[in-house]
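**Student:** Dropping a structure here in structure tokens format, bear with me for questions.
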Amino acid sequence: MTSPLFSLLPLGQPVLDNLDAMQYHSMTPIQAASLPLILEGRDIVAQAKTGSGKTAAFGLGIVHRLEPTAYHTQALVLCPTRELAEQVANELRRLARALGNIKILTLCGGTPIRPQVESLKFGAHVLVGTPGRIMDHIDRQTVDLGAIHTLVLDEADRMLDMGFFDDVAKIVRNCPATRQTLLFSATYADDIRKASARFLKQPAQVKVESVH
Ligand code: ADP
Ligand code: MG
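Be aware that the sequence shown starts at 1, since it is given in the UniProt record's numbering, and climbs by one per residue.
Shown next, in the form of structure tokens:
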């Protein structure tokens, strides 16, 4: 099987050099199938197993569009749990290293809200969080999603199983209609179809069976 190189993608040289430094040379199948569409700005529903490299697929989409010198929030990643949000934030920090000083904040439930409110005062390029806590911040007006360009629903199947559909719907209503929305899931059940019909615009569907 051929392994397409990241250097085939229309990514900036600093981002490509940073991928080299991370020892990410060839794309995993889900990255090869989704990244050309993501970088074109398409909405996608992507189905792939755990461990297939989904974080870098949407992470590079976010990094590609980030404006380091703009201090408004430019992307939001929703995850089902705090542990997953921390993992995603760490991978995003590594991918964004190429761009210099990029602030990525995690906002999850189960931790005190006050320190989050304080951190938000300094602004963040990217927010990663769980739907309930992001909704709390929207209600308190401590988070403004009015200018984001990318919304990611990571592990959407688990998020919906945990009963987050209504929170996700409310969060989406606070995002601009012009945003790009990327939905990642291990399954393609009815609730995922419903979520993609509701939250995405003419999404391309990407499905990959193998992990490597
Ligand atoms: P998923 O979200 O699909 O479960 P992750 O994004 O967590 O998968 O990636 C799984 C592992 O693969 C991580 O350790 C990550 O660093 C690594 N990885 C992702 N993409 C690549 C790549 N192109 N080359 C090498 N390693 C990669
Ligand atoms: Mg993942």
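Backbone N, C-alpha and C fix where the C-beta goes; we use that ideal spot for every residue, glycine too.
#1: Quick one: what's Ser3 bridged to in DSSP?
#2: Cβ of Ala156 within 9 Å of Cβ of Phe184?
#3: Checking 9 Å against the spacing of the C-beta atoms, do Tyr71 and Gly123 come in under that value?
#4: For my contact list, Ala59 and Leu95 are in at a C-beta cut-off of 8 Å; report their separation, rounded to the angstrom.
#5: Taking three-plus beta-carbon pairs below 8 Å as touching, is the stretch 46-65 in contact with the stretch 7-25?
#6: Could you check if Val88 belongs to the surroundings of the ligand MG, using beta carbon to heavy atom distance under 8 Å?
#7: Where in the stretch 83-131 do unbroken runs of the alpha helix (DSSP H), each at least 4 residues long, occur, reported from the N-terminal end onward?
#8: Measure the beta-carbon distance from Thr187 to Gln47 and round it to whole angstroms, keeping in mind my assumption that it falls under 8 Å.
#9: Suppose the cutoff is 6 Å on Cβ atoms and the five residues either side in sequence are ignored; what does the same chain contact list for Ala32 look like?
#10: In angstroms with no decimal places, state the Cα-to-Cα distance between Lys49 and Glu209.
#11: Would the C-beta of Ser196 count as close to the ligand ADP, meaning under 8 Å from any of its heavy atoms?
#12: Ser196 by DSSP, collapsed to three states: which one?
#13: Whole angstroms are fine: how far does the CA of Ser7 sit from the CA of Arg97?
#14: Residues in the same chain with beta-carbon distance under 7 Å from Gly110, minus the five sequence neighbours each way, listed in chain order, please.
#15: Short check: CB of Ser52 to CB of Ile44, under 9 Å?
#16: Using only the alpha-carbon positions, how far apart do His64 and Arg140 sit?
#17: Give every residue of the same chain whose Cβ lies closer than 7 Å to the Cβ of Leu200, excluding the five residues on either side of it in the sequence, and list them in chain order.
#18: Is Lys54 a contact residue of the ligand MG, with contact defined as CB to any heavy atom under 8 Å?
#19: Within 10 angstroms of its Cβ, does His137 collect 16 or more other Cβ (buried), or is it exposed?
#20: What do you reckon, is the C-beta of Asp154 under 8 Å from a heavy atom of the ligand MG?
**Tutor:** Looking at the atomic coordinates:
#1: Paired residue(s): none; Ser3 is not in a bridge.
#2: Cβ distance < 9 Å, so Ala156 and Phe184 count as in contact.
#3: yes
#4: Per the sequence shown, residue 59 should be read as Gly rather than Ala. Yes, they are in contact, since the Cβ atoms of Gly59 and Leu95 sit about 5 Å apart, within 8 Å.
#5: The answer is yes - the stretch 7-25 touches the stretch 46-65, with three or more Cβ pairs under 8 Å.
#6: yes
#7: 114-120
#8: 7 Å
#9: Pro4
#10: 7 Å
#11: no
#12: helix
#13: 17 Å
#14: Once the five neighbours on either side are set aside, the close Cβ partners of Gly110 are Arg82.
#15: no
#16: 30 Å
#17: Asp43, Val45, Thr181, Leu183
#18: yes
#19: buried
#20: yes
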